[in-house]
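K.L.:
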Amino acid sequence: MIPTPAPFPASRPRRLRRTLWIRDLVAETRLTPEDLIWPVFIREGEGEREPIPSLPGVVRHSIDSALEAINEAANFGIPCVSLFPYTEPSDKNAEATEAWNPDNLVCRATRAIKHHIPDIGVMVDVALDPYSSDGHDGIVRDGVIANDESLMALERMSLVLAESGADILGPSDMMDGRIGVIRRALERNDFQDVTIMSYAAKYASSFYGPFRDAVGASGALKGDKKTYQLDPANGDEAMREVAADLAEGADMIMVKPGMPYLDICTRVKTSFGVPTFAYQVSGEYAMIQAAANNGWIDGDRAALESLIAFKRAGCDGILTYFAPKIAEMIAREPL
Ligand code: PBG
0 MIPTPAPFPA SRPRRLRRTL WIRDLVAETR LTPEDLIWPV FIREGEGERE
50 PIPSLPGVVR HSIDSALEAI NEAANFGIPC VSLFPYTEPS DKNAEATEAW
100 NPDNLVCRAT RAIKHHIPDI GVMVDVALDP YSSDGHDGIV RDGVIANDES
150 LMALERMSLV LAESGADILG PSDMMDGRIG VIRRALERND FQDVTIMSYA
200 AKYASSFYGP FRDAVGASGA LKGDKKTYQL DPANGDEAMR EVAADLAEGA
250 DMIMVKPGMP YLDICTRVKT SFGVPTFAYQ VSGEYAMIQA AANNGWIDGD
300 RAALESLIAF KRAGCDGILT YFAPKIAEMI AREPL
């Protein structure tokens with residue numbers, strides 16, 4: 000409860016906004032590079048930095064190039080990256096078997112990063128969509144996403160990721176019961192220190208389009224993801240998902256997308272008091288970049304403003320494609 004301020008002129012709120020130093024002094028939240036997780040797209044090859052047209056400024060890195068970029072990001076204070084592989088169509092099938100190939104691209108990238116840059120955290124998404132010829136996060140049977148069969152695939156996928164050194168698993172598939180299955184598998188296989196950041200409140204959103212281009216899932220996807228991702232109309236349902244995932248063994252919770260769901264971020268943080276993250280997704284990034292590239296907004300300021308909003312809403316951190324750029328800006332000119 001915020002008490003009513005004294006009436007004007009005893010209270011002149013502008014006194015606290017008069018100069019930069021006083022604004023800094025009374026700022027309620029801060030954004031630092033340590034708040035940011037950087038999503039990185041990985042591809043095969045060497046020396047590759049392949050632009051993604053719908054994500055201006057973002058590239059698909061071959062592993063060697065990713066190591067350079069991630070090393071730079073670590074030097075700017077970014078604590079963690081999240082890896083997403085672009086899978087060649089020839090490596091996809093209906094069972095998404097490449098997802099649990101211990102030598103798949105994302106496992107090799109994880110091993111390389113943990114070897115060369117051991118101090119940065121590596122998070123990997125757990126979902127079948129980069130590997131599925133149907134473009135879905137689970138296995139499709141007769142046009143339906145088969146929940147329990149998908150759980151078995153996600154379990155196998157989680158174990159190869161843990162084996163290759165992933166610090167955080169980010170189940171983004173929204174199958175029922177997946178956190179419990181993954182947590183039990185990790186315990187049974189001596190991976191008790193692997194952290195789970197559950198994409199618990201993940202909405203069926205139109206803001207994922209550029210990401211699906213980036214991982215090569217756009218062409219493959221048949222239909223939409225509304226039978227497993229949340230309806231944007233619902234907030235209480237998201238709270239039930241969060242409660243279930245925490246009970247099943249999640250350590251941290253993610254809300255996704257970010258900016259259209261700030262109310263959900265606040266509800267998760269205030270109701271559960273657990274580490275809460277927002278994913279500023281590809282479509283959100285693309286909107287800001289597109290407007291900036293047209294000269295319609297100041298892209299850097301808009302990006303900063305969008306990120307501080309997550310902190311204000313209660314998030315402990317943000318996954319954002321702006322991470323390296325913002326970390327560099329903050330390093331140059333502390334906020
Ligand atoms: C895959 C996944 C998606 C994103 C992260 N993991 C897309 C989807 O669910 O279709 C979206 C991230 C973004 O848009 O930046 N399960």
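Okay, so the sequence shown: first residue is 0 according to numbering that gives the first Met the number 0, each after it adds one.
Beta carbons: idealized from backbone N, C-alpha and C, even for Gly.
Model, not experiment: these values are computed from the prediction.
How far does the alpha helix (DSSP H) with residue 13 in it reach, from first residue to last?
P.N.:
Neither: residue 13 is in no alpha helix (DSSP H) and is coded neither H nor E.
K.L.:
Identify whether residue 314 lies in helix, strand or coil by the three-state DSSP scheme.
P.N.:
Coil at residue 314, not helix or strand.
K.L.:
Between residue 25 and the rest of its own chain, which residues show a CB-CB distance below 7 angstroms, the 5 nearest in sequence each way excluded?
P.N.:
Cβ within range, chain order: 15.
K.L.:
Hey, would you say residue 254 sits closer than 8 angstroms to residue 277, going by beta carbons?
P.N.:
Yes, the Cβ-Cβ distance between residue 254 and residue 277 is below 8 angstroms.
K.L.:
Going by Cα to Cα distance, which pick from 11, 180, 275 is closest to residue 148?
P.N.:
Of 11, 180, 275, the residue nearest in Cα terms is 180.
K.L.:
Less than 8 angstroms between the CB atoms is what I'm expecting for residue 156 and residue 98, so what's the real figure, rounded?
P.N.:
Between residue 98 and residue 156 the Cβ distance is about 4 angstroms, and since that is below 8 angstroms, they are a contact.
K.L.:
How many whole angstroms separate the CB atoms of residue 312 and residue 264, which I take to be in contact at a CB cut-off of 8 angstroms?
P.N.:
With a Cβ gap of about 4 angstroms, residue 312 and residue 264 count as contacting.
K.L.:
Report back the beta-carbon spacing between residue 75 and residue 323 to the nearest angstrom; my notes put them in contact at under 8 angstroms.
P.N.:
About 7 angstroms; that satisfies the 8 angstroms criterion.
K.L.:
Return yes when at least one heavy atom of the ligand PBG lies under 7 angstroms from the C-beta of residue 282, else no.
P.N.:
Correct: residue 282 has its Cβ closer than 7 angstroms to the ligand PBG.
K.L.:
Across which residues does DSSP place residue 255 in a beta bridge pair?
P.N.:
In the DSSP output, where bridge partners are listed per residue, residue 255 has 201.
K.L.:
DSSP three-state label for residue 284, please.
P.N.:
Helix.
K.L.:
May I ask whether a heavy atom of the ligand PBG can be found less than 7 angstroms away from the beta carbon of residue 202?
P.N.:
Not under cutoff, so the answer is no.
K.L.:
With 16 other CB atoms within 10 Å as the buried threshold, where does residue 7 fall?
P.N.:
With fewer than 16 Cβ atoms within 10 Å of its Cβ, residue 7 is classed as exposed.
K.L.:
At a threshold of 7 angstroms, does residue 207 count as lining the ligand PBG (C-beta to nearest heavy atom)?
P.N.:
Under cutoff, so the answer is yes.
K.L.:
So what does DSSP say about residue 103, is it helix, strand or coil?
P.N.:
Residue state, collapsed to three classes: coil.
K.L.:
Please determine whether the Cβ atom of residue 305 lies at a distance below 7 angstroms from any heavy atom of the ligand PBG.
P.N.:
Answer for residue 305: no, Cβ out of range of the ligand PBG.
K.L.:
With distances taken between CB atoms, is the gap from residue 121 to residue 109 smaller than 8 angstroms?
P.N.:
Contact flag set, yes.
K.L.:
Quick one: is the Cβ of residue 224 within less than 7 angstroms of any heavy atom of the ligand PBG?
P.N.:
It does: the Cβ of residue 224 is within 7 angstroms (strictly closer) of some heavy atom of the ligand PBG.
K.L.:
Would you call the segment 291 to 303 and the segment 259 to 273 in contact, with 3 or more CB pairs under 8 angstroms?
P.N.:
Not touching, per the Cβ criterion.
K.L.:
Just list the alpha helix (DSSP H) runs in the segment 26 to 86, keeping only unbroken ones of 4 residues or longer that don't cross its boundaries, in chain order.
P.N.:
Segments of the alpha helix (DSSP H) lying fully in the segment 26 to 86: 62 to 74.
K.L.:
In terms of DSSP beta bridges, what is residue 292 paired with?
P.N.:
Looking at the DSSP assignment, residue 292 forms no beta bridge with any residue, so it has no partner.
K.L.:
CB of residue 157 to nearest heavy atom of the ligand PBG: below 7 angstroms?
P.N.:
Result no, Cβ not under 7 angstroms from the ligand PBG.
K.L.:
By Cβ distance, which residues of its chain are closer than 8 angstroms to residue 116, with the 5 residues on each side in sequence left out?
P.N.:
Answer for residue 116: 66, 69, 70, 73, listed in chain order.
K.L.:
At a cut-off of 7 angstroms, would you count residue 133 as near the ligand PBG, judging by its Cβ distance to the nearest heavy atom?
P.N.:
Not under cutoff, so the answer is no.
K.L.:
In chain order, what are the residue ranges of uninterrupted alpha helix (DSSP H) at least 4 long that sit wholly in the segment 128 to 172?
P.N.:
Listed in chain order, the complete alpha helix (DSSP H) runs (minimum 4 residues) inside the segment 128 to 172 are 146 to 162.
K.L.:
Run the CB neighbour count on residue 114, radius 10 Å, all protein chains shown included, and call it buried at 16 or more, exposed below.
P.N.:
Result: exposed.
K.L.:
What residue from 250, 244, 91 has the CA that sits closest to residue 135's CA?
P.N.:
The shortest C-alpha separation from residue 135 is found at 91.
K.L.:
Regarding residue 210 and the ligand PBG, is the C-beta to nearest heavy atom distance less than 7 angstroms?
P.N.:
Yes, the beta carbon of residue 210 sits closer than 7 angstroms to at least one heavy atom of the ligand PBG.
K.L.:
Alpha carbons only, please: which of 123, 218, 132 is nearest the one belonging to residue 195?
P.N.:
Ranking the options by Cα distance to residue 195, first place goes to 123.
K.L.:
Compare the beta carbon distance of residue 362 and residue 213 with 8 angstroms and say whether it is the shorter of the two.
P.N.:
No answer is possible for residue 362: it lies beyond the span of the chain, which begins at 0 and ends at 334.
K.L.:
If residue 152 and residue 127 are in contact, beta carbons under 8 angstroms, what's the gap, nearest whole angstrom?
P.N.:
Sure, about 6 angstroms apart at Cβ, within 8 angstroms.
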